[in-house]
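Undergrad: For the sequence shown, the numbering used here assigns the number 64 to the initial residue and increments by one for each residue that follows. Ideal Cβ placement from N, Cα and C applies to all residues, glycine included.
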Amino acid sequence: MNNWFVKRQRLFEAVILGIYFCYFAILRIFIVPFGDDQFWWGPAGKFLMDHHFFTLENQQYIGGSSNGRYVSNLSMIYTMHHPILMYLLFAVASTLLVWLIYRLTSRKFIVFLLALCLPFSLSISFQTTTWFWYAAFINYVTGAVFIFSYLLLLKRDWVEKTLTDSWILTCAVFVLSVVGGLIVEHITLYQLAISIFSVIVSYFIYHKINKYQLAYLVGAIASAVIMFSNGSYWAHTQYRSVSPSISRSLATYAQTSHFWVITTNFWLILLLCLTILVYAWQNVKQSVVKQVLIFSSIGFLLYYSIVNLYLGKLKLQQSFLPLINSDGFLALDSLMSLLFIAYLFVSAWFIVDTRLRYVLIFCLVSFLFLIAPFLVIVEPNSAREFFNGVLFLYLYGFLLLNRIVFKPKWIERLLVTVAAVLLIGSASYTLQANIKNHVAYSNRTEELTTPGGFSQKLQVPYPLYMPNQDLYITQDRIRYWQLYRQHDFWQRLWVFDYTK
């Protein structure tokens with residue numbers, strides 16, 4: 064009877080994932096391409112491809128697009144010229160990422176639904192400049208799929224004991240590592256770290272090193288050598304600025320980064336605080352520790368609720384950061400974000416289950432590893448660089464949620480209902496907003512033929528779904544949309560090339 068119930072749930076999940084896939088494929092059709100999307104589609108993309116993605120020409124225009132992200136660059140160019148592949152890749156990567164996070168966490172249906180809610184629960188800065196901006200999606204969401212795929216293999220090997228270390232798996236993992244290491248730089252570095260980590264753990268704890276782990280290590284090294292052999296990393300450019308100054312890094316964190324990493328991720332904070340609070344209530348036996356964790360959870364939840372209400376009333380800058388003129392508030396909020404991270408470490412340390420404790424600490428170390436480079440790289444400075452680190456905080460929250468016992472059972476059923484309503488509501492709102500934006504944007508193409516700013520009367524209905532909040536247009540945009548209007552959907556679907 065239990066096996067029948069499990070099989071029925073798996074089938075139901077598969078159907079939902081199929082609908083989820085179709086939803087994201089349709090959504091991608093209506094998301095308005097912007098900036099780098101059209102840059103890679105146009106002559107600049109071909110120029111960079113012909114020059115093996117390295118040039119020092121026209122740095123103001125080329126910027127960071129001269130790099131060693133060979134897989135993501137080529138994918139970007141090819142899929143922008145073949146929209147059907149763009150729609151499919153967007154849907155596949157979106158579905159795979161939420162499924163991988165769910166699979167790494169548990170088999171609880173409530174976690175499954177909340178994982179599906181993940182793209183819609185992100186802060187507006189992550190939604191707009193990472194998940195729904197295709198040029199960023201290719202780097203950050205697709206890159207996450209590769210690293211979480213390897214982590215799932217490790218779980219199946221170390222925890223579930225269901226992995227067979229075959230030569231087919233070894234070859235597949237080598238390809239996974241090489242391809243995943245040529246998407247974006249911090250993922251390349253993380254792959255190196257995790258491959259070394261997995262070999263060390265296997266040797267000292269399990270007293271063996273599997274072929275697939277060595278293949279992943281070799282692939283990670285090979286991809287890192289290929290990526291960083293690109294001359295753009297060794298030449299002086301105006302696009303990148305690295306500061307060894309601790310004071311400048313701290314200033315950047317206080318003024319911008321901490322908002323993206325912690326403060327504006329309210330739904331994530333809610334997940335973390337509530338799961339820690341309930342887990343501590345149910346499982347922590349030490350009275351003092353239990354009280355500290357419970358009151359800390361309540362305190363942080365109240366603080367960030369008030370702060371996000373306050374920030375919601377402020378004007379958003381183009382970086383999707385609130386316009387704040389108070390140095391005192393910046394200092395306080397950045398300090399609170401550091402205390403919140405410390406609170407997560409302390410909470411993980413007092414977890415009763417030893418294995419879960421180390422998995423949660425692993426999530427936090429991964430979070431720090433993935434955001435650390437962007438505390439030193441002070442330019443460019445935007446939300447999307449911190450996205451992959453924040454995903455590990457979601458994983459942390461889902462892992463804790465998986466260990467919570469819901470008594471009586473109607474509480475879990477209520478939570479499942481609420482999660483389902485939130486998923487359907489947020490997905491519907493996102494789709495209709497992007498459809499309206501797409502219609503408005505395409506209809507005004509003939510009116511806007513000059514790069515630069517324009518009247519706010521011509522803005523799309525939901526400008527926050529545009530990476531630049533629809534404040535200006537570029538020459539690449541003009542070229543793209545002039546040709547776009549000359550073809551219908553079915554003509555553009557398979558091949559959509561720019562006019563040479």
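Given a threshold of 16 other Cβ atoms within 10 Å of its Cβ, counted over all protein chains shown, does residue 460 qualify as buried or as exposed?
TA: As a working note, residue 460 is residue 397 in the sequence shown. Buried: at least 16 other Cβ atoms inside 10 Å.
Undergrad: Cutting at 8 Å between CB atoms, please list the residues of its own chain near residue 80, excluding the five before and the five after it.
TA: To locate residue 80, count along the sequence shown from 1; it is residue 17. Around residue 80: 158 and 162.
Undergrad: Could you name the residues of the same chain whose beta carbon sits closer than 8 Å to that of residue 298, not counting the 5 residues immediately before and after it, in chain order?
TA: On the sequence shown, position 235 is the one that residue 298 refers to. Hits under 8 Å: 119.
Undergrad: Measuring alpha carbon to alpha carbon, tell me which residue in 202, 109, 189 and 67 is nearest residue 135.
TA: What you label residue 135 is simply residue 72 of the sequence shown in a count that begins at 1. The shortest Cα separation from residue 135 among 202, 109, 189 and 67 belongs to 202.
Undergrad: Here's a check: name, in chain order, each residue in its chain whose Cβ is nearer than 6 Å to the Cβ of residue 498, leaving out the five neighbours to either side.
TA: The residue given as residue 498 occupies position 435 in the sequence shown. Contacts found: 93.
Undergrad: By Cβ distance, which residues of its chain are closer than 7 Å to residue 468, with the 5 residues on each side in sequence left out?
TA: As a first step, residue 468 must be located in the sequence shown, where it is residue number 405. Closer than 7 Å at the Cβ level, and outside the excluded window around residue 468, lie 345.
Undergrad: Using a Cβ-Cβ cut-off of 6 Å (strictly less than) and excluding sequence neighbours within five positions of residue 234, which residues of its own chain qualify?
TA: Translated into the one-based positions of the sequence shown, residue 234 becomes position 171. So no residue of the chain qualifies.
Undergrad: Taking C-alpha atoms, which residue in 329, 338 and 400 lies nearest to residue 372?
TA: Taking the sequence shown and counting its residues from 1, the one referred to as residue 372 is at position 309. That would be 329, whose Cα lies nearest to the Cα of residue 372.
Undergrad: Could I get the ranges of all uninterrupted alpha helix (DSSP H) runs contained in the stretch 106-146, with 4 residues as the minimum, in chain order?
TA: The stretch 106-146 contains these whole alpha helix (DSSP H) runs: 106-113, 122-125 and 133-144.
Undergrad: Taking 7 Å as the limit between beta carbons, can you name the residues of its chain near residue 419, skipping five residues before and five after?
TA: Stepping through the sequence shown from its first residue, residue 419 is reached at position 356. Counting only Cβ-Cβ distances below 7 Å, and skipping sequence neighbours, we find 462 and 466.
Undergrad: In the DSSP assignment, the alpha helix (DSSP H) including residue 443 goes from what residue to what residue?
TA: Indexing the sequence shown from 1 puts residue 443 at position 380. Careful: residue 443 lies outside any alpha helix (DSSP H) and carries neither H nor E.
Undergrad: Is residue 457 near residue 500, with beta carbons less than 8 Å apart?
TA: Along the sequence shown, one-based indexing puts residue 457 at 394. Along the sequence shown, one-based indexing puts residue 500 at 437. Their beta carbons are not under 8 Å apart, which means residue 457 does not touch residue 500 by this criterion.
Undergrad: Can you give me the start and stop residues for the alpha helix (DSSP H) that residue 522 sits inside?
TA: On the sequence shown, position 459 is the one that residue 522 refers to. Per DSSP, residue 522 belongs to no alpha helix (DSSP H) and is neither H nor E.
Undergrad: Tell me the rounded alpha-carbon separation between residue 442 and residue 245.
TA: As a first step, residue 442 is located in the sequence shown; it is residue number 379 there, counting from the start. As a first step, residue 245 is located in the sequence shown; it is residue number 182 there, counting from the start. Straight-line Cα distance between these residues: approximately 21 Å.
Undergrad: So residue 291 and residue 131 are in contact, right, with Cβ under 8 Å, and what is the actual spacing, rounded?
TA: Here residue 291 refers to the residue found at position 228 of the sequence shown. Here residue 131 refers to the residue found at position 68 of the sequence shown. At roughly 6 Å, the Cβ-Cβ gap stays under 8 Å, so residue 291 and residue 131 are in contact.
Undergrad: Quickly, what does DSSP pair residue 385 with across the bridge? List them, please.
TA: As a position in the sequence shown, residue 385 is number 322, starting the count at 1. Per DSSP, 379.
Undergrad: For residue 64, which three-state DSSP category applies?
TA: Against the sequence shown, residue 64 aligns to sequence position 1. Model confidence at residue 64 stands at a pLDDT of 45, short of 50, so the residue's coordinates are unreliable; what they give is reported in the following sentence. Note: residue 64 maps to coil in three-state DSSP.
Undergrad: Going by DSSP in three states, residue 367 sits in which element: helix, strand or coil?
TA: For this step, residue 367 is matched to residue 304 along the sequence shown. Here residue 367 sits in helix by DSSP.
Undergrad: Taking the alpha carbon of residue 296 as the reference point, which residue from 116, 556 and 544 has its own alpha carbon closest?
TA: Here residue 296 is taken as the residue at index 233 of the sequence shown, counted from 1. Ranking 116, 556 and 544 by Cα distance to residue 296 puts 116 first.
Undergrad: The alpha helix (DSSP H) spanning residue 529 covers which residue range?
TA: The count along the sequence shown starts at 1 and reaches residue 529 at position 466. Residue 529 -> no alpha helix (DSSP H), and no H or E assigned at all.
Undergrad: Quick check on residue 296: does DSSP put it in helix, strand or coil?
TA: Here residue 296 refers to the residue found at position 233 when the sequence shown is read from its first residue. Helix at residue 296.
Undergrad: Tell me which residues share the same chain as residue 109 and place their Cβ nearer than 8 Å to its Cβ, disregarding the 5 neighbours each side in the sequence.
TA: Position 46 of the sequence shown, counting from 1, holds the residue named residue 109. Counting only Cβ-Cβ distances below 8 Å, and skipping sequence neighbours, we find 140.
Undergrad: Sorted by chain position, which residues of the same chain lie with C-beta nearer than 7 Å to residue 142's C-beta, five sequence neighbours on each side aside?
TA: As a first step, residue 142 is located in the sequence shown; it is residue number 79 there, counting from the start. The answer, listed in chain order, is 148, 149 and 152.
Undergrad: Have a look at the DSSP bridge pairing and note the partners of residue 391.
TA: Taking the sequence shown and counting its residues from 1, the one referred to as residue 391 is at position 328. BP columns for residue 391 are empty, so no partner.
Undergrad: Judging by CA-CA distance, which residue of 182, 410 and 522 is the nearest neighbour of residue 360?
TA: Reading the sequence shown from its first residue, position 297 is the one you call residue 360. Ranking 182, 410 and 522 by Cα distance to residue 360 puts 410 first.
Undergrad: May I ask you to verify whether the stretch 391-403 touches the stretch 317-328, counting CB pairs closer than 8 Å and requiring at least 3?
TA: Output reads yes: the stretch 317-328 touches the stretch 391-403.
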